[in-house]
Every structure is written in C-alpha cells, then in structure tokens.
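Student: Quick one: this structure, given as structure tokens, is what I'll be asking you about.
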Amino acid sequence: MSKGLPKRSEDYSLWYNELVKRADLAENAPVRGCMIIKPYGYSIWEKMQAVLDKKFKDTGHSNAYFPLFIPKSYLSKEAAHVDGFAKECAVVTHYRLKNDENGKGIVVDPEAKLDEELIIRPTSETVIWNTYKTWVQSYRDLPLLINQWANVVRWEMRTRLFLRTTEFLWQEGHTAHATKQEAIEETEQMINVYAEFAQNYMAMPVHKGIKSANERFAGAEETYCIEALMQDGKALQAGTSHFLGQNFAKAFDVKFAAKEGGLDYVWGTSWGVSTRLMGALIMAHSDDEGLVLPPLLAPIQVVIVPIFKTAEQLDQIDEKLKPVIAALKAKDISVKFDHSDKYSPGFKFAEYELKGIPLRIAIGARDLENGTVELARRDTKEKTTVPQEGLVDRIENLLKEIQENIYKKALAYREANTLIADDYATFKKMLDETPGFILAHWDGTSETEEKIKEETKATIRCIPLDVKSEAGVCMVTGKPSAQRVLFARAY
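In our numbering, the protein residues as written are 46 to 536.
Shown next, in the form of structure tokens:
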C-alpha cells in the first residue's frame with residue numbers, strides 16, 4: 046500500500062527503493078547486489094521487450110544467443126575493452142564441488158581447477174566477434190545484423206534495484222558491415238530507435254548525443270547515447286549505440302572478400318538497453334502515491350472495480366460490463382475486472398494507484414440505475430462520472446490523452462530544469478541550488494573534463510545532437526569551444 050510511502054521531497058532515494066518493493070516490481074536477492082524481478086515488474090519489462098524486439102526486426106535484425114561464459118583470453122585481445130571491464134568481471138575458476146572431508150558442508154574441489162578461467166559475460170563483444178570470424182567470409186555475408194536478449198554480470202559495489210545491479214537483463218545488438226559509412230548509419234539508426242521508444246512509449250523525453258572520449262564505451266571509436274532527466278534533477282543514461290570501427294574485427298581477425306577484390310576488415314557496431322529502463326520509467330513519472338505508468342507500457346491499462354453488497358448486484362454489473370470488456374480486449378487494451386470480495390473498494394483503489402494503473406473504472410448499484418460509471422485517471426487523479434454509452438471509445442481516447450499528458454509533464458519538467466551557465470562559479474551554484482541539465486561550454490580536453498568531475502561530481506552527459514551549435518569559450522579555461530555540452534550529476 047502507498048500509506049507511509051516516503052515523500053520524494055524528503056528522501057528521493059528511500060522513496061524510490063520503497064516504491065519498487067511496495068509496487069511489487071522487484072526485491073533484493075540473497076546474493077548481494079542482485080535482484081528478483083517479481084511478476085508485475087517483469088510484465089512491464091516484457092512489454093518493453095515486445096516493442097523493442099519488433100523495432101529491431103523491422104530494421105532487419107535477427108535474434109541469436111551466445112554463451113554466458115567467455116574464455117579469459119578473449120578479453121585480452123582488445124586492449125581498451127579489457128581495461129574498461131577488468132574491474133567488473135566475475136571469474137569462474139573451478140567446475141566442481143565436493144563434500145568437505147571434515148563434515149563442514151560443501152567445498153570447492155581443488156582438483157577441478159579450469160585450465161583457463163572463464164569470465165561471466167559483462168558484455169558479449171569478444172565472444173560474438175570470435176564467432177563472426179567463421180560466419181563472415183565474403184561481402185555476400187554482410188551486413189550481419191544480430192541482436193541478443195540476455196543477462197550480464199558486472200560486479201558493482203554500490204547497487205540499487207533496476208538502476209545498478211550486479212546481474213541485469215538487457216539486449217545487445219552486434220553488427221558487421223562492409224563499409225565505415227554503413228556502420229555509422231547503423232549506429233545512428235539504433236540510437237534513433239531508442240530515442241523514439243523512450244519518447245513515444247516510455248513518455249520520457251531524451252537528449253540524443255555523442256559521449257566524450259572519457260565517457261566512451263571501452264573499445265569504441267564513438268558512442269551515441271540518450272540521456273533523460275529524473276525528478277530529482279539527476280541524469281540517467283537510458284541507452285547507448287557504439288561505432289566500433291574495425292577495432293574488434295582486427296582483434297579477432299574478421300575479414301571479408303570485398304566485391305572489388307582483396308580482403309578487408311569489417312566495420313562493427315554494438316548497441317543496448319537494459320532493465321535500467323525500468324528505473325528510468327519509475328523515476329521519470331511516479332509520485333508520492335506510487336507508480337505512474339504510461340498506458341503503452343502498463344501491464345493493466347484499465348481496472349474495473351465493481352462496488353456491490355450482494356451477489357445479485359455483482360451479477361448485474363458483470364452482465365452490463367461484459368460487452369465493454371470484450372470490446373476493449375478486441376482493441377488490444379488490457380483490462381482487469383476485480384470482483385474479489387477479499388478487500389474493500391477503498392483498499393483496491395489505493396492498491397491500483399500504487400501500481401500505476403492508468404485508468405480506473407468504478408461502478409455500483411446507483412451507476413447501474415443511472416447508466417453511468419466513474420472514471421479515475423492515475424496521471425492527474427481526476428475523477429469524472431460519464432455515461433456508459435460510448436464508454437469504449439471514451440476509454441480508448443482517454444488512454445491516448447494520458448500517454449500524451451505524461452510525456453508533456455516530463456518534458457515541461459526537463460525544460461524548467463535545463464539551465465545555461467557561462468562561467469564556472471555560476472555552474473557550481475546551479476548544480477547545488479537547482480539540480481538538472483546544464484548547457485555549458487567545454488574546451489574539449491580530458492583534463493578539463495576530469496577537473497569538473499572531480500570538483501563538482503558532474504559529468505558531460507553528451508555532446509548533444511539536438512541542441513543548436515553555438516561557439517564560445519570554455520567556462521573553466523577560457524579556451525575556444527565549438528558548442529555547449531550537456532552536464533549533470535547522474536546515476
């Protein structure tokens with residue numbers, strides 16, 4: 046129940062953690078840093094998966110699956126890649142357990158040491174590119190457009206459900222191309238797919254941009270990203286798409302016979318989003334009463350709560366609403382008719398509010414007499430009494446309106462919390478007093494970027510592609526700057 050849910054204004058972190066648990070989304074697992082995604086939470090992830098999977102297939106990609114375990118030697122083949130992930134890798138050293146001879150339970154069998162340690166995948170570039178070596182021989186085999194839905198492990202020290210966990214779920218696309226331009230176009234196409242999904246389905250406005258060299262994916266030549274602003278003024282990286290150049294192709298000797306003759310290395314990309322999107326969805330829209338879910342991703346879009354005293358009244362309500370429910374389902378609108386008598390209508394109202402059901406319908410004996418129902422919107426908490434006639438069309442239109450309204454509210458928040466700083470003192474003051482996105486000039490050097498990060502804990506979220514270029518001077522060094530970049534403190 047939402048009763049006693051911490052307020053965002055008082056403790057945003059505690060509010061988030063409690064909401065995830067009370068809304069039955071996820072809970073902590075016995076293994077530190079891991080999570081158990083509960084059925085309601087997983088059903089939201091499934092809706093995300095379904096939409097994204099269709100988008101991937103519509104753009105020509107196919108799903109495959111690659112091993113969870115990666116030979117340690119594979120990671121050492123691409124120097125920047127291993128440097129980027131070495132500190133996060135979980136390593137398998139043995140393959141067997143045995144009973145302790147002293148009766149102290151189960152121990153690792155020292156005789157079962159692996160000849161080569163195995164890494165539990167932190168990401169799959171290495172094992173996939175080793176496979177591509179055998180799959181790609183000629184230009185006729187290209188482009189190779191593969192996606193994988195999987196779990197990965199990155200040994201995190203500071204974890205939070207959905208946002209940063211040791212094991213998480215994601216998809217990772219890995220593609221190989223005959224030309225540099227084709228690979229760049231793929232990289233850009235996929236970041237556009239993510240941005241469209243975030244805005245049109247998650248109702249979450251995002252900035253598209255390019256990461257600085259310091260923030261670039263390990264082993265990539267360029268990293269594109271989408272960045273969203275959460276309600277506490279912190280940024281969240283919601284998706285990335287990487288142009289890998291020929292780095293992994295050279296590391297794993299993936300060559301092809303070109304159409305013009307001769308051998309060349311393929312050009313690669315990789316791109317992914319994860320269950321971190323669940324955290325983004327929660328923090329972008331929810332309130333002190335619980336989740337606020339955009340209808341397009343809500344597992345239950347409409348819940349009907351009958352108010353009755355007798356079985357006869359319930360039967361009458363049920364009979365009245367059967368055609369409505371059938372018509373909604375025919376329009377692919379998910380609806381739940383909660384006729385359980387275990388809990389009071391008031392309890393149900395609070396529970397469905399906590400779980401973020403976009404639209405609630407209440408109907409009682411008086412409504413039957415009057416030919417009406419009560420509609421309650423989750424996004425605005427507005428309640429209206431409407432005729433039963435034309436109810437299906439009204440619900441369909443209202444769900445579209447709720448989806449649009451949730452996006453507009455998030456966009457208005459982002460616009461109100463995006464500031465411009467021209468000097469370093471103002472920049473620091475803004476970070477402390479009005480957290481959010483800050484557009485400021487930067488001289489393009491890693492040294493200045495590190496200085497800002499060390500002194501303020503703010504990072505360059507991206508060099509935005511959707512903000513008009515404006516030359517100026519760096520707020521820290523006074524050196525020339527080609528355009529403003531997007532700064533924020535972040536998750």
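Heads up, the beta-carbon is just placed ideally off N, CA and C, and yes, glycines get one too.
The model shown is predicted, which means the values in this text are computed figures rather than measured ones.
Decide yes or no for the touch test of the stretch 425-439 against the stretch 217-235: beta carbon pairs closer than 8 Å, at least 3 of them.
Tutor: no
Student: Would E267 and H219 qualify as a contact pair, given that the criterion is a beta-carbon distance under 8 Å?
Tutor: no
Student: Quick one: using the 10 Å Cβ neighbour count with 16 as the cut-off for buried, is D467 buried or exposed?
Tutor: Answer is exposed; the Cβ neighbour count stays below 16.
Student: Is H139 near the ligand NAP - that is, is its Cβ less than 7 Å away from at least one heavy atom of it?
Tutor: Absence of the ligand NAP is noted for the structure shown, with no ligands found whatsoever.
Student: Using a 10 Å radius around the Cβ and a threshold of 16 neighbouring Cβ atoms, would you call H222 buried or exposed?
Tutor: buried
Student: Give the straight-line distance between the Cα atoms of H384 and P351, rounded to the nearest whole angstrom.
Tutor: 6 Å
Student: Please identify the residue among D298, N147, I164, V153 whose C-alpha is closest to the C-alpha of K132.
Tutor: The shortest Cα separation from K132 among D298, N147, I164, V153 belongs to I164.
Student: Looking at the C-beta of A371, does it have a partner C-beta in chain C at a distance below 8 Å?
Tutor: In the structure shown, chain C cannot be found, because there is only a single protein chain.
Student: Taking Cβ to Cβ, would you say A455 is nearer than 8 Å to A280?
Tutor: no
Student: Do V530 and W487 come within 8 Å of each other at the CB atom, strictly closer than that value?
Tutor: A contact, by the Cβ cut-off of 8 Å.
Student: Using CA coordinates, which residue listed in E241, F262, K149, R205 is at the minimum distance from F288?
Tutor: F262
Student: Whole angstroms is fine: what's the gap from V318's alpha carbon to E217's?
Tutor: 7 Å
Student: I'd like the span of the alpha helix (DSSP H) that includes A95, first residue to last.
Tutor: 84-103
Student: Using the beta-carbon count (16 or more within 10 Å), is P250 buried or exposed?
Tutor: Looking at its Cβ environment, which holds 16 or more other Cβ atoms inside 10 Å, P250 is buried.
Student: Could you tell me if K304 is buried or exposed, where buried requires 16 or more neighbouring beta carbons within 10 angstroms of its beta carbon?
Tutor: exposed
Student: Which of the three DSSP states, helix, strand or coil, is assigned to V348?
Tutor: strand
Student: State the Cα-Cα distance for the pair S379 and K498, rounded to the nearest angstrom.
Tutor: 46 Å
Student: Go through its chain and collect everything with a Cβ distance to K256's Cβ below 7 Å, but skip five positions before and after it.
Tutor: T268, C270, C507
Student: Drop a sphere of 10 angstroms on the beta-carbon of G105, count the other beta-carbons inside from all chains shown, and report buried for 16 or more, exposed for fewer.
Tutor: exposed
Student: Taking all protein chains shown into account, do 16 or more other C-beta atoms lie within 10 angstroms of the C-beta of W312, making it buried, or fewer, making it exposed?
Tutor: buried
Student: Can you tell me whether N237 is helix, strand or coil according to DSSP?
Tutor: helix
Student: Flag this pair as yes or no: are the beta carbons of G401 and L484 separated by less than 8 Å?
Tutor: no
Student: List the residues that DSSP assigns as beta-bridge partners of W316.
Tutor: G218, S286
Student: Checking 8 Å against the spacing of the C-beta atoms, do T504 and E260 come in under that value?
Tutor: yes
Student: For the stretch 318-333 and the stretch 356-369, state whether three or more C-beta atom pairs, one from each stretch, are separated by less than 8 Å.
Tutor: Segments in contact, no.
Student: Quick check on DSSP: helix, strand or coil for F111?
Tutor: Look at F111 here: in three-state DSSP terms it is coil, with no helix or strand label.
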